[in-house]
Structure formats: structure tokens, C-alpha cells
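What follows is a single structure, written as C-alpha cells, with notes after it.
In the numbering used here, the protein residues as written are 1303 to 1551.
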């Protein structure tokens, strides 16, 4: 009987030890799992910080490009406004039966069909596309950037091409009636030209119709250019806001 109770006691001790070992093993496994989860979390945090750093660098590059684009667009708009004013004034002069030529008209004649070009800065955007658009976490900002570069800039390129074609198609018609003045007298890219025969030119309907067409196309372009400049400024503000938010993380 005593042996029986001793056997029972030893069995209980063994079971107790086994239970302790089992609990210890479970505890070790839990600690290992927690360690792995912490390591994964730290790794994810580091990766996210790296991606945010890359995103910040790209957004700053795009913002710098758009800042330059806004400056160039503003300059082009200013030039187009002056040229449009010259066109309008020349149309009035040619329609005025009592007008007579004077040298102040040389600038009006010299800039009838001038046009400027716009080459957007795309270094930042091309870098973004090569890395992947998904790196930009703000969906709204991402959509605005893509819209500006892939759509708006594409439209203005098409509009400028139309202006170029108009220039090429009217240049010969216009220039055959004009004499180019010394280019050294040009100011800020505005040239001077003088009519061969001002009196005859006033009766040339084809000449006047071409100037009128050029003027109307210039006004249409100006309306679009002003609109796209506003879109550029909106995207710039979104970029600056996101850059500030990432920098403060």
C-alpha cells in the first residue's frame, strides 16, 4: 500500500514538472512570437520612413518644377497680353480710314503673329513615374499631379501647336507686305517691322482678316493659359501642404 501511494506521489510530481515545463515552453514561444512581431513592426516602421523620405524628396522636386512652370507661364501670359493688345490696336488702325503711318506702328506690325513656347519641367514627375505613383500616399494629390502633367500640359501643348501652325500658315502672307527693321532695336523679344505701302495695306482685306484671326486665337489661348496657371497654383499649394505634413511626421 505504501508503495502504491509513493507511486501516486511520484506520478503527481512528474505531472507537475511536465505542466511547469509545458507552461515554460508556451511562455518561451509567446516571447519569441512577440519578439518577431516587434521586429516586423520596427522593420515596417523603418520601411515606411524610407518611403516617406523618398516621397518627400519627389514631391519637393515636383513642387520646384511647378514653381518654375508657373513663372514661365506667367511670363508667356504677359507676353501674349501685350501681343494681343498690339493686334487689337493694329486692327483699329487699319480699319480707321483717316489713319496715317507713323514709326510708332512698327512694333504693332512687327509682332502680329509672334508666339511663345512652353516647355514644362518634368524631372520630378518622370522620377515619380519611374519609382511608382503609389509612393504618393495622398490619393487626391496623386490625382492632381497626374491630371496636370498627363492632361493639362498635354492640352496646352496641342494649343501651342495650333498657334504654331497658324503662324506658319500666315507668316508668308503677312511678311510679304512688311520690311523687317534692324533686329538690334528689338526690346524684350518684340520686333519692329514697317509696311511696304501703308495706304494699300489698309485696303487689303486678306491681310486684315488674318490679323483678326490671329488676334481671336490669341485671346482663346490666353483664356486657357490663365486657367491652367490657376490649376498649376492649386497643385503647388497641395504639394506644399503635403510636404509640410511629411516633414512634421
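Built from N, CA and C at the ideal position, the CB exists for glycine as well.
Same chain, Cβ closer than 6 Å to residue i, five either side skipped, listed in chain order
| i | result |
| --- | --- |
| residue 1306 | Only weak support exists for where residue 1306 lies, its pLDDT of 49 falling under 50; the value from the coordinates is given anyway. Once the five neighbours on either side are set aside, residue 1306 has no close Cβ partner at all. |
| residue 1540 | 1443 and 1446 |
Opposing strand residues paired with residue i [DSSP bridges]
| i | result |
| --- | --- |
| residue 1481 | 1496 |
Any C-beta of chain B under 8 Å from that of residue i
| i | result |
| --- | --- |
| residue 1459 | In the structure shown, chain B does not exist; there is a single protein chain. |
Residues near residue i by beta carbon distance below 8 Å, same chain, minus five either side
| i | result |
| --- | --- |
| residue 1457 | 1526 and 1530 |
| residue 1473 | 1415 |
| residue 1391 | 1410 |
Option nearest residue i by Cα separation, candidates the options
| i | options | result |
| --- | --- | --- |
| residue 1388 | 1405, 1369 and 1410 | 1410 |
| residue 1546 | 1412, 1361 and 1420 | 1361 |
| residue 1377 | 1355, 1393, 1417 and 1363 | 1417 |
| residue 1431 | 1363, 1523 and 1483 | 1363 |
Close Cβ partners of residue i (< 7 Å) along its chain, the five nearest in sequence each way excluded
| i | result |
| --- | --- |
| residue 1534 | 1368, 1371, 1372, 1375 and 1450 |
| residue 1419 | 1462 |
| residue 1538 | 1365, 1368, 1369 and 1372 |
| residue 1497 | 1403, 1411, 1479, 1480 and 1503 |
| residue 1422 | 1371 and 1455 |
Between the CA atoms of residue j and residue i - distance to the nearest angstrom
| i | j | result |
| --- | --- | --- |
| residue 1357 | residue 1542 | 13 Å |
| residue 1521 | residue 1460 | 16 Å |
| residue 1425 | residue 1532 | 21 Å |
| residue 1353 | residue 1443 | 16 Å |
| residue 1494 | residue 1407 | 8 Å |
| residue 1516 | residue 1351 | 53 Å |
| residue 1393 | residue 1514 | 7 Å |
| residue 1470 | residue 1477 | 11 Å |
| residue 1429 | residue 1523 | 30 Å |
| residue 1551 | residue 1536 | 23 Å |
| residue 1549 | residue 1434 | 21 Å |
| residue 1501 | residue 1405 | 14 Å |
| residue 1355 | residue 1427 | 16 Å |
| residue 1401 | residue 1483 | 21 Å |
Is there contact here, the segment 1496-1513 with the segment 1384-1400, by at least three beta-carbon pairs under 8 Å?
The segment 1496-1513 is in contact with the segment 1384-1400.
Is the segment 1374-1381 touching the segment 1425-1444 in the sense that three or more CB pairs, one from each, lie closer than 8 Å?
no
When you compare the segment 1461-1481 with the segment 1443-1452, are there three or more beta-carbon pairs, one atom per stretch, that lie closer than 8 Å?
no
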